[in-house]
Amino acid sequence: MAEVLNFEHNGITVNATESPEAMGGLGDNVIGLVGTAPNAHASIPKNAPLRINSFTTQALLDPTGAESGTLFHAVYQILKVVKVPVYVVIVEEGATPADTLNNVIGGNEPVTGRKLGLAALSSVPEDLTIIGAPGFTGTKAVAGEFAAFGKRIKARVVLDGKDASVADQVTYSGELGGADLGFDRCLLVHNMPSVYSKAAKKNVFLSPSSLAIAALAKVKQWESPGNQVTFAEDVSRVVEYNILDTSTEGDLLNRYGISYYARTILGGFSLLGNRSITGKFISYVGLEDAISRKLVKAGQKAMAKNLTKSFMDQEVKRINDWLQTLVVDETIPGGSVYLHPELNSVEKYKNGTWFIVIDYGRYAPNEHMIYQLNARDEIIEQFLEDVL
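All residue numbers for the sequence shown refer to the working numbering, where the first residue is 1183 and numbers rise by one.
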C-alpha cells in the first residue's frame, strides 16, 4: 500500500524541557589595580593581570623584602582587611614620573595591539567591581582615564586626592567633571594614611586611595564604605571632625563628595564619606552596576530567540522572580518587572527590539541621624502626682 503520509510513530515519545536557569546572586567584589613593582618575581610578566588572593602570592610583588613599588603595600593592606581577588597589572617605572604615569594609563601597543597599563585590566576573566592605581590617580588627566574606564566596565573607581589643603582639595573636586564622564562612580580620598613598614622599620605614608580601596571592598557592592575603622596609624593632613558640627573641615570635604580619614570615637582613624565626587551615594552606583552585570549575563543566553508571547512572559517572570530574592535578602526594599506599555511598538518589534522595565528601590546609607529631644512638663506632672 502507499505510505501513510500523516503517520508519525506507533509508540511513545518523551520530550523533556528545562525551566529557565536561576539568575543567582549579585556576586562579590573583585579589585583591579595598576601600579609598579620593580622587584617583582621574574615569573610575573609586565602589563598582564596577575590574580592575587593570598599573602603568599602578594609576596611575589617583592621577594627581596624591600617593599618597593606602589602595589606591594596596596595589596597587602587590602588582604589584611578582606579576602577578595585582587588583579594587579605591573607597569615599568619610567625614566621620569611623567613616563611612569604614561605607563599606568597605557593603551594599545601600536604594532602588536597588546593592551598596556590600565587597558590590560579589560582582559581580566572576572568582573571587576573596584579599580584604582594608588599613587598615580591624583591628577585630572589620570583620574579622567580611570573614570572613563570604570564607566565602560561598570566598576567603581577610588582616586587619590591631591596632597593639598582642604580648600584646594575642594577646588580640585570641582575640576574633575560630572556623571557623563564617569565621575559619579569615583570615590575621591583626601589625606594620606600611614602604616608600619617592616622594610623601613617605621611608619610610612601611603597614597590616599590605598586603605579606601580595602574599605570599599570589605562591604557589599550596595553598601557604603564610610565610617569604617582602618589600619591607619596617622595621617599626612589632620582633618577636623565633629559628628555634631556642620562647620568642620571634614563636613566641608563630604559636602563636595570627598572622603577622608579622621579619628573618631570608634578608635583609630576611620574613613568618612559615603558619596562619589558628584554627590551620588557610592552604594547606589555599586547596586546599579551589580544589577546591570547580572542582567547582561542572563540576557546573553536568551539572545536570538523568537519573540513569542511565551518567551517574553517567561523572561519577565524570570527577572521578577530574581528581583524578589533581592528584596528578601534586603539588597533592595522592593521592585517589579513588566513590559513597557508605550515603547513596545509594532515598528520596534519588527526590528527585533523590545523593552523590559525594572523598577526597584534603594536603601540609603545612614548618613544623617537626627535625635529630637523634647522636655515635657506633662512628665513632671505625672511624676509629682505619684510622689504627692
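Positions of the beta carbon are idealized from the N, C-alpha and C atoms, including for glycine.
1) Could you check what DSSP says for N1128 in three-state terms: helix, strand or coil?
2) Output the distance between the C-alpha atoms of S1406 and T1195, rounded to the nearest integer angstrom.
3) Report yes if the CB atom of M1205 is closer than 8 Å to the CB atom of K1476, and no otherwise.
4) Please state if the CB of A1241 and the CB of S1392 are separated by a distance shorter than 8 Å.
5) For N1285, does the count of other Cβ atoms within 10 angstroms reach 16, so buried, or fall short, so exposed?
6) Just to check my reading of the structure: N1229 and G1288 have Cβ atoms closer than 8 Å, yes? What is that Cβ distance to the nearest angstrom?
7) Please identify the residue among F1365, A1381, I1313 whose C-alpha is closest to the C-alpha of A1396.
8) Between which two residues does the beta strand (DSSP E) holding D1342 run?
9) Using the C-alpha atoms, what's the distance from V1510 back to K1491?
10) First and last residue of the beta strand (DSSP E) that includes D1541?
11) Per DSSP, what kind of secondary structure is Y1269 in: helix, strand or coil?
12) Below 8 Å on the Cβ atoms is my contact criterion, and I expect I1272 with T1218 to pass it. Report the Cβ-Cβ distance as a whole number of Å.
13) Consult DSSP for K1384 and reduce its assignment to one of helix, strand or coil.
14) Here's the rule I'm using: 16 or more other beta-carbon atoms within 10 Å means buried, otherwise exposed. How should Q1410 be labelled?
15) Taking 7 Å as the limit between beta carbons, can you name the residues of its chain near R1544, skipping five residues before and five after?
16) Within 10 angstroms of its Cβ, does Y1354 collect 16 or more other Cβ (buried), or is it exposed?
17) I'd like to check one pair, A1399 with N1235: are the Cβ atoms closer than 8 Å?
18) Using 10 angstroms around the beta-carbon of L1426, count the other beta-carbons present and answer buried if the total reaches 16, otherwise exposed.
19) When you measure from the CB of D1559 to every non-hydrogen atom of the ligand ZN, does any distance come out below 7 Å?
20) Based on DSSP bridge pairs, tell me the residues matched to L1425.
21) What three-state label does DSSP hand R1419 in the structure shown?
22) Tell me, please, which residues DSSP counts as bridged to K1297.
23) Closer than 6 Å by C-beta to R1419: which residues in its own chain qualify, once you throw out the five before and the five after it? Chain order, please.
24) Does DSSP put S1406 in a helix, a strand or coil?
25) Out of E1549, L1555, A1414, L1232, state which residue places its alpha-carbon closest to the alpha-carbon of S1582.
26) Beta-carbon separation of L1341 and V1306 under 8 Å?
27) Quick check on DSSP: helix, strand or coil for A1414?
28) In angstroms with no decimal places, state the Cα-to-Cα distance between F1463 and N1197.
29) Evaluate contact between the stretch 1472 to 1487 and the stretch 1450 to 1463, counting only Cβ atoms and requiring at least three cross-stretch pairs below 8 Å.
30) Of all the options D1345, R1338, A1301, which has the alpha carbon lying nearest to the alpha carbon of G1320?
The structure says:
1) Past the boundaries of the shown model lies residue 1128; the chain is included only from 1183 to 1570, so the question cannot be answered.
2) 56 Å
3) yes
4) no
5) buried
6) 7 Å
7) I1313
8) 1338 to 1342
9) 29 Å
10) 1538 to 1542
11) strand
12) 7 Å
13) strand
14) buried
15) Y1466, L1469, I1514
16) buried
17) no
18) exposed
19) Ligands are entirely absent from the displayed structure, and the ligand ZN is therefore not among its contents.
20) Note that residue 1425 corresponds to Ile in the displayed sequence, not to Leu. According to DSSP, I1425 bridges with nothing at all.
21) coil
22) N1290
23) N1373
24) coil
25) In the structure as shown, the chain begins at 1183 and stops at 1570. Residue 1582 is therefore absent and cannot be evaluated.
26) no
27) coil
28) 50 Å
29) no
30) D1345
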